[in-house]
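Trainee: Handing you a structure now.
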Amino acid sequence: MIFTFLKVSVFLILGILALVGIGVGFIWLIDYFDANPYGSKELVQKVLYTSVALHVLFLLTGMPILQILYSLGVQYCFNTLFDTYSLIRVEDPRFIGGLIGSLVNYFLMLRFFTVYEKKIILFIPYLCIIWATPVCFFFSISVNEDTLFVKKGGKKEQNICWTVP
Numbered sequence: 003m004i005f006t007f008l009k010v011s012v013f014l015i016l017g018i019l020a021l022v023g024i025g026v027g028f029i030w031l032i033d034y035f036d037a038n039p040y041g042s043k044e045l046v047q048k049v050l051y052t053s054v055a056l057h058v059l060f061l062l063t064g065m066p067i068l069q070i071l072y073s074l075g076v077q078y079c080f081n082t083l084f085d086t087y088s089l090i091r092v093e094d095p096r097f098i099g100g101l102i103g104s105l106v107n108y109f110l111m112l113r114f115f116t117v118y119e120k121k122i123i124l125f126i127p128y129l130c131i132i133w134a135t136p137v138c139f140f141f142s143i144s145v146n147e148d149t150l151f152v153k154k155g156g157k158k159e160q161n162i163c164w165t166v167p
């Protein structure tokens, strides 16, 4: 009885610490992108390449090859955004395609872990592999928030289609 209580308490504390760590990591990432707008490209590229390399884990757990290829295709969609990195537009079809692809990939991953009866605890690192790249791109868009607004007559008007040359 006491062992069960201790085990649940440890998992609860570890879960809370993980959530706090994720929050602190997000704050650090946003601060880094704000302080280093040009250096952030290298960090996002490292995250993307690490995510692609970790797809080997998908292969080792027996995930279908087509699902792995789809996931790599989504990562490639984000990789094509590096051509115009400092001016990523929200309405860019590659960006929208990558986000929708990541969402579909998430549900395919969830289906894989529920249908094939894999250990659901493995879902958490796989979730991080899938969503690391889109989250980094979301945060890097916040660096270029001037591309979302046009200043006319002393007030800012939202104009998503306009970008800074």
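Residue numbers (this note's numbering): 3 to 167. Each residue gets a CB set at the ideal place from its N, CA and C atoms; glycine is no exception.
Quick one: is residue 103 buried, meaning 16 or more other Cβ sit within 10 Å of its Cβ, or exposed?
Mentor: That one is buried.
Trainee: Beta-carbon separation of residue 139 and residue 80 under 8 Å?
Mentor: Yes, the pair counts as a contact, with Cβ atoms nearer than the cut-off.
Trainee: Cβ of residue 42 within 8 Å of Cβ of residue 134?
Mentor: No; because the gap between Cβ atoms is not below 8 Å, this pair is not in contact.
Trainee: Quick one: Cα of residue 30 to Cα of residue 69, how far?
Mentor: Cα-Cα distance, rounded: 32 Å.
Trainee: Leaving out five residues before and five after residue 143 in sequence, what residues of the same chain have Cβ atoms less than 8 Å from its Cβ?
Mentor: If we look at residue 143 and ignore the five residues flanking it on each side, its Cβ neighbours are 90 and 92.
Trainee: Residue 132 and residue 73 look like a contact to me (Cβ under 8 Å); what is the Cβ gap, rounded to whole Å?
Mentor: Indeed they touch by this definition, with Cβ atoms about 7 Å apart.
Trainee: How long is the line joining the alpha carbons of residue 124 and residue 111, rounded to whole angstroms?
Mentor: Answer to the nearest angstrom: the Cα atoms are 11 Å apart.
Trainee: Which word fits residue 28, buried or exposed, when buried means at least 16 other C-beta atoms lie within 10 angstroms of its C-beta?
Mentor: Flag for residue 28 reads exposed.
Trainee: How many whole angstroms separate the CB atoms of residue 65 and residue 114, which I take to be in contact at a CB cut-off of 8 Å?
Mentor: Sure, about 6 Å apart at Cβ, within 8 Å.
Trainee: Would residue 136 and residue 100 be called neighbours here (beta carbons separated by less than 8 Å)?
Mentor: Taking 8 Å as the Cβ cut-off, residue 136 and residue 100 qualify as a contacting pair.
Trainee: When the Cα of residue 130 is compared with those of 118, 141 and 108, which residue comes out closest?
Mentor: Checking every option, the nearest Cα to that of residue 130 belongs to 108.
Trainee: Would you kindly report the start and end of the unbroken alpha helix (DSSP H) that includes residue 85?
Mentor: Element bounds for residue 85: n/a, residue is neither H nor E.
Trainee: So, for residue 32: in the same chain, excluding its five sequence neighbours on each side, which residues have a beta-carbon less than 7 Å away from its beta-carbon?
Mentor: These residues qualify, in order along the chain: 141 and 144.
Trainee: Going by DSSP in three states, residue 111 sits in which element: helix, strand or coil?
Mentor: If DSSP states are grouped into helix, strand and coil, residue 111 belongs with the helices.
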